[in-house]
Amino acid sequence: MITYSDYQESVRKSDKLPTDNPRFIVLGLVGEVGDLVSLVKKEQRDSLKANTIEEHLHEELGDVLWYVTSIINRENFRIDNIVNNAIQKINLKENNIQPSTLTNLSLIDSFSTNNNLKLNTVEISLQLTISLGSFVSLYSSKNTNNHNEKEITISIFVSNLLLFCFSKKISISRAIDYNLKKINSRWPDKYIYPDPFDINYANYERFPPKMVFVFKEISVSNKKYVIQQCQGVNIGDRLTDNKKDKDDYRFHDVFHICYAVHLGWSPVLRALLHLKRKSISSTDENQDGARAIIIEEGISTFIFSRAIKQSLFENVTRLDYDILKFIQEFVKGYEVDNAYLWQWEKAILDGYNIFRNLKEKRNGKITADFENHIVFFEEI
1 MITYSDYQES VRKSDKLPTD NPRFIVLGLV GEVGDLVSLV KKEQRDSLKA
51 NTIEEHLHEE LGDVLWYVTS IINRENFRID NIVNNAIQKI NLKENNIQPS
101 TLTNLSLIDS FSTNNNLKLN TVEISLQLTI SLGSFVSLYS SKNTNNHNEK
151 EITISIFVSN LLLFCFSKKI SISRAIDYNL KKINSRWPDK YIYPDPFDIN
201 YANYERFPPK MVFVFKEISV SNKKYVIQQC QGVNIGDRLT DNKKDKDDYR
251 FHDVFHICYA VHLGWSPVLR ALLHLKRKSI SSTDENQDGA RAIIIEEGIS
301 TFIFSRAIKQ SLFENVTRLD YDILKFIQEF VKGYEVDNAY LWQWEKAILD
351 GYNIFRNLKE KRNGKITADF ENHIVFFEEI
């Protein structure tokens with residue numbers, strides 16, 4: 001099991017936030033605590049069973065822990081001291097908790113997941129937000145140089161966070177594991193592509209090393225269409241925007257090309273190129289079939305609805321995590337569920353870079369290097 005010092009160092013290494021100012025990080029903490037306690041609100045409001053939000057609780061707690069630890073790092077505190085101070089601040093007699101039983105993460109985890117305390121999660125959530133308010137008040141003050149006051153304020157917040165965990169019987173190490181896996185999926189030390197999903201299939205069922213696609217806009221009876229060609233042969237149907245308000249979505253097949261380049265996945269492109277993996281019927285039906293195609297098209301449409309509000313992601317280098325999180329939820333149970341978040345981000349941003357070029361030029365050649373994960377646009 002991970003130790004306090006191991007986790008503190010993991011957060012230090014993964015911290016890509018562009019400032020050493022803890023006040024900026026406090027804003028992030030406010031957002032994450034809001035997400036955490038909103039799950040309690042939804043559970044109460046919608047009479048949800050505990051297991052329906054369990055995974056989300058661990059994920060949101062992991063985010064809260066990361067931001068708290070990021071602040072602790074910037075203040076040069078030791079997380080084990082903070083946690084030990086936090087345990088001392090819990091009303092031990094009222095809750096029948098002995099500090100000696102909670103001296104490390106393993107013991108805290110064991111207690112949290114097996115305790116029989118009669119704790120009111122709603123009341124504890126309110127106490128958590130009150131202690132967060134003290135946190136914000138301290139860091140919004142111009143006089144924030146009192147090191148001791150900061151340590152006390154952080155410790156009080158962590159004590160309420162521990163009580164929240166106890167009330168929901170949350171495994172803190174599991175929350176940490178969720179968080180570190182998410183960070184590694186988005187911002188790894190090294191960006192190494194995994195083997196393609198079709199690596200063990202015959203060549204005629206695999207994406208080839210490289211392909212060149214041509215997109216052309218044509219007019220037929222005063223109506224605009226886009227046709228796509230590969231090696232001089234038309235592929236798929238000619239496309240319109242399929243919408244009253246024209247938005248050039250007719251060029252959207254470039255998104256599927258970029259999914260294939262960066263993810264090694266695109267049931268849509270497999271169908272267009274007749275590369276479905278029919279040698280294994282379960283793969284043909286489940287991974288390359290109609291439902292997978294619908295899911296991919298749904299993802300493309302969803303992202304487009306976001307992109308259209310953000311200038312088609314022009315000058316965007318990082319996507320909103322909510323977009324990537326939605327995609328992960330959407331593809332659960334399919335092979336692409338194993339893809340990293342950074343792969344999705346690259347696929348989406350490359351796709352919209354080319355889409356913007358096609359939107360401007362109305363025609364273009366797209367070279368897709370599936371082997372080296374490179375895709376680029378050229379005018380024709």
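Taking full-length UniProt numbering, I'd label the letters of the sequence shown as residues 1 to 380. All C-beta atoms, glycine included, are put in the ideal place defined by N, C-alpha and C. Predicted model only: the values in this text are computed from it and were never measured.
- Only residues of its own chain outside the window of five on either side were considered, and among them L263 have a CB closer than 6 Å to the CB of A339, listed in chain order.
- Secondary structure of E379 (DSSP, three-state): coil.
- Between V254 and E296, the C-beta gap is not smaller than 8 Å, which leaves the two residues out of contact.
- Excluding the 5 residues flanking it on each side, V37 has same chain C-beta neighbours closer than 7 Å at S125, L128, T129, in chain order.
- If the five residues before and after L358 are omitted, its C-beta is found closer than 8 Å to the C-beta atoms of F215, D248, F251, V254, G364, F377, all from its own chain and listed in chain order.
- Taking 8 Å as the cut-off, the beta carbon of A307 is found closer than this to the beta carbon of Y352.
- Burial is judged here by how many other beta carbons sit within 10 angstroms of a residue's own beta carbon; T52 has fewer than 16 and is exposed.
- Residue range 233-239 is occupied by the beta strand (DSSP E) that includes L239.
- Secondary structure of I299 (DSSP, three-state): helix.
- Judged by pairs of C-beta atoms under 8 Å, the segment 182-196 does not touch the segment 152-162, as fewer than three such pairs exist.
- By the Cβ test, the segment 326-341 is not in contact with the segment 224-235, since fewer than three Cβ pairs between them sit closer than 8 Å.
- Residue environment: D350 is assigned as buried (16 or more neighbouring CB atoms within 10 Å of its CB, all protein chains considered).
- Annotation for Q229: no alpha helix (DSSP H) segment contains it, though the beta strand (DSSP E) segment containing it runs 223-230.
- I170 places its beta carbon less than 8 Å from that of S112.
- G364 is bridged by DSSP to F215.
- For E55, the closest C-alpha among the options W265, L117, N315, A175 is that of A175.
- Relative to H256, the option among I303, K278, K246, G232 whose CA is nearest is I303.
- By the criterion of a C-beta distance shorter than 8 Å, A271 is surrounded in its chain by D288, I293, once the five residues flanking it on both sides are discounted.
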